[in-house]
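Count the sequence shown with mature numbering (1 follows the signal peptide of the UniProt record, and there is no 0) and you get residues -22 to -1, 1 to 684, in order. First up is the structure itself, then whatever we jot down about it.
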Amino acid sequence: MKKLYTLSIALSMVAFGTQSFAQVNKTVKFAPEYPDAERTVATDNQVVKGNLDTKSTDAIVFWSEDFSNGFDGQGDNGAWNFDLDNGELWFQTFPADQPNGYDPDAPLVGQPAYQDALSSFYGGAEVNSPTRDNGFMMIDATRWDNSGGAEIISALVSPSIDLSGQGITNANLVFYQRLRMCCAGSGLVANAEVSVDGGVTWVPYDVFYPYGSTNDNINQEIRIDISETLQGAITLDNVKVRFLWAGAQTDYFWQIDDVSIQELEDNDLQAGATWYNNHSTGYTDYNEGLLNGEEYLRTFENSRTPIYFARPLTFGMVVTNNGFETQTGVQVVVTGIKPDGSTFPIGATESINMPYGMTDTINLEPTSIPDLETGLYRFAYTVIQNEADSRPMDNVGDTTATRFTDESSAFDYFSIMQNTRNVNGGRYPFADNIIWSTAYSFPEVAEGVGPKAITHVEAVFMFTGPTFAPTVVGTTVYFNVRKGSLIDEDPDVPESLTTVEFGNDPLNYEGIDIEFTITEDDIWYTADGIAAYHYASFELPTPVLIEPNTAYQAEVRIPFGNAVYVPVSSPEEELGSLVYLFNYNANAPGWYGLGDAVMPLRFRVADPVTINVDEITYETGISLVQNYPNPFTDVTRIQYSIDKADNVKLEVRDISGKLVFEKDMGTVPAGMPQSYELQRGNLAPGMYTYSIVTSEYQVSRKLTVQ
């Protein structure tokens, strides 16, 4: 197994700072760093985390603030203040559709800290609070520092709050936030903090990572149980709340509104993160040596899957009991939504009891979707319990979605295996002298379905501007398919080493047959407002028959001197993509992990029956792929598959029909693709016929020896 070494890389172009990677070597298990791409180009469909319909209930409110008077405070509350090095970056503003609404394209009036700077990456987002029309508080990091290079440490601090004499034994700090941060990885800080001694000491509560990740738009009501903090106080007559923004490098914005301290409800379950596969658990099992690399890949949440490769899904949700009483009969219920909009039950988990303060990850057993058809499937998640929940709107989790495809799919028109989901305009600083590699595992095909083949590798090449991700038309890259699991490679274990399907070198592969010259039509121009990725497609020299339960890597090699930028899709599964650095600054050549950032590289697959006869011959239950390379000088690869188990022979005959080579392949199982490397040996230059022969049939193709 490989080891990850921390690698710090200074970002270039728009954003500058520290970026952590990890090099892959053997013997020590992975400990990935949090991935950080450069800043994202904000788009209207950027992923948003949170239930936007959340509203507070009629719980007892001990104190509240709606920011209708800005820093002066609501009613008799007293004035809010700012603190720390960049505290003056906080300001009051209003929704964009109001006469005095926030305008990212105009200087801020009365805010000298920002001078005349504009907000390049704001994207028009607004906090979804009940009283946002009367004003909310905001910090706009990208307006203040458009280069994204400076550290920001800024706090918004409440007036003193007197909670004494109210008999408080438990309480929630409640507020609405719209938050987006980038790009210092685990160094990013967005805290709601509580002090019971007037601001001398603070108890921090992270309100970023529990609700999202780098580049996510987090827009939701936050409820933090501060009971323990209050119970530990000598007196509650000088309580304060502050909102702290900090980090080694920070971009984007934070909006705060409708802050209150409320009594805990008796019965209050809250839905958390949702998913339709178990990649999070899978990574833990992989890290502990319970899964190998290929088995770990099976846990990934593919955004598109060929329908004949569909596998049972493991639906799950994180659930927290925010109520003061134990909740009984807790279940997660999942409902499916078909492409036509009709619904169907998927299932429910077994009932459990959850005491006060408990957070649990609740999974359904692996479940197959009944009567599966091509198109987009969505999954709705709800947590239920025996008690009447005081906040039922919090019992509904984020809806997830995945698409099933085939060769006749109305969407994309192809059968696609794709991992990446979130459109993201960020990119890594490398533009050349690297290999991008995204991993997949194909399961057994559905019953009654024959073998499948990879026919294309597709990638996204982006252009955002002359100084940010400027992919150049006319540059050359090389596409390839790698077989085997890179994260399991061990130089001391030859059978663990991966191989490329095309080219003689596993790293410096090149050649006219895998060369791709980028045209204008191949580039994703983000400034055009295209919401989804635009993929460039490369047809492989010959199809690659897919061996079930085997890792395959979709790859593109960008040679030295070619400026080609690939965007980032995050967050995704840990180690879904790797990068090979041939010589980046002072870093040692090798494979480096990207944490949970996944690069948009995908496979197009097809049935051998539908593939052009120039590539695969399919007759009488035998699929025979054109040998590669062809012509060849030393060795060539022959791929085949049979529909019915049988004894197989490989025969090679010259143009006169004379048998010049024969190999008994033994008994070959049905539907299991086979590959054989034919050595030239004593074969003279010329044309030959090679055949796969079973007890019943024979299929032949031609090859050329140079």
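Note that the Cβ used here is the ideal one computed from N, Cα and C, for glycine as well.
DSSP assignment within the region 390 to 438 yields the following whole beta strand (DSSP E) runs of 3 residues or more, N-terminal first: 393 to 395, 412 to 420 and 431 to 437. DSSP places Asp36 outside both helix and strand once states are collapsed to three, so it counts as coil.
Counting C-beta pairs with one atom in each stretch, the region 481 to 493 and the region 436 to 444 have fewer than three that are closer than 8 Å, which means they do not touch. Per the Cβ contact rule, the region 251 to 269 is not in contact with the region 396 to 416 (fewer than 3 Cβ pairs under 8 Å). Taking the C-beta atoms as reference points, Asn331 is found no nearer than 8 Å to Gln309. Of the other Cβ atoms in all chains shown, fewer than 16 fall within 10 Å of the Cβ of Glu640; this residue is therefore exposed. Nearest Cα to Val312 within the set Glu66, Phe114 and Pro344: Pro344. Excluding sequence positions up to five before and after Val135, its CB lies within less than 6 Å of the CB of Asn59, Asp61 and Arg220, all in the same chain and listed in chain order. The residue from Tyr187, Gly143 and Ile202 with its alpha-carbon nearest to that of Glu171 is Ile202. Per DSSP, the unbroken beta strand (DSSP E) holding Trp223 starts and ends at Lys218 to Ala224.
Just measuring C-alpha positions, the residue of Phe293, Ile234 and Gln144 sitting nearest Val185 is Ile234. Per the Cβ contact rule, the region 102 to 110 is in contact with the region 63 to 78 (3 or more Cβ pairs under 8 Å).
Per DSSP, the continuous beta strand (DSSP E) segment holding Gln617 begins and ends at Val613 to Ile620. Excluding residues up to 5 positions away in sequence, Phe40, Ile204, Ser205, Leu208, Ile239, Gln240, Glu241 and Leu242 lie with their Cβ nearer than 7 Å to the Cβ of Ala149 in the same chain. For Tyr261, same chain residues with a beta-carbon under 6 Å away, outside a window of 5 residues either side, are Glu552 in chain order.
Annotation note: the region 649 to 684 contains the following uninterrupted beta strand (DSSP E) runs of length 3 or greater, listed N- to C-terminal: 652 to 657, 664 to 671 and 676 to 683. For Thr520, the three-state secondary structure derived from DSSP is strand.
Runs of beta strand (DSSP E) with 3 or more residues, each lying fully within the region 80 to 144, are found at 114 to 118 and 132 to 135, listed in chain order. Excluding its 5 nearest sequence neighbours in each direction, Gln657 has C-beta neighbours in its own chain below 6 Å: Val613, listed in chain order. Within the region 461 to 499, the runs of beta strand (DSSP E) at least 3 residues long that lie entirely inside it are, in chain order, 493 to 495. DSSP places Gly260 in the helix class (H, G or I) of the three-state scheme.
Rounded to the nearest angstrom, the Cβ distance from Phe382 to His434 is 18 Å, too far for a contact under 8 Å.
DSSP, reduced to helix, strand and coil, places Ile212 outside both helices and strands of the structure shown, so it counts as coil. Assigned with DSSP and collapsed to three states, Glu533 falls in strand.
Nearest C-alpha to Asn482 among Val557, Ile501, Gly307 and Arg615: Arg615.
Burial is judged here by how many other beta carbons sit within 10 angstroms of a residue's own beta carbon; Ser346 has fewer than 16 and is exposed.
Shown here for Asn64: same chain residues with a beta carbon closer than 7 Å to its own, the five before and five after excluded, namely Ile130, Ile131 and Ser132 in chain order.
Out of Thr321, Glu266, Ser320 and Gly325, the CA that lies nearest to the CA of Leu291 is found in Gly325.
With fewer than 16 other Cβ atoms from the protein chains shown falling within 10 Å of its own Cβ, Ser329 counts as exposed. Of the residues Asn169, Met115 and Ile501, the one whose Cα lies closest to the Cα of Gly48 is Met115. Annotation: the continuous beta strand (DSSP E) that includes Tyr183 extends over Val181 to Asp184.
By the CB criterion at 8 Å, Tyr286 and Val427 fall inside the cutoff. Within its own chain, the residues whose Cβ lies closer than 6 Å to the Cβ of Gly353, once the five positions on either side in sequence are excluded, are Pro317, listed in chain order.
Of all alpha-carbon atoms in Gly649, Leu681 and Glu351, the one lying nearest the alpha-carbon of Thr380 is that of Glu351. By the criterion of a C-beta distance shorter than 7 Å, Glu66 is surrounded in its chain by Phe60 and Ala91, once the five residues flanking it on both sides are discounted. The three-state secondary structure of Leu291, taken from DSSP, is strand.
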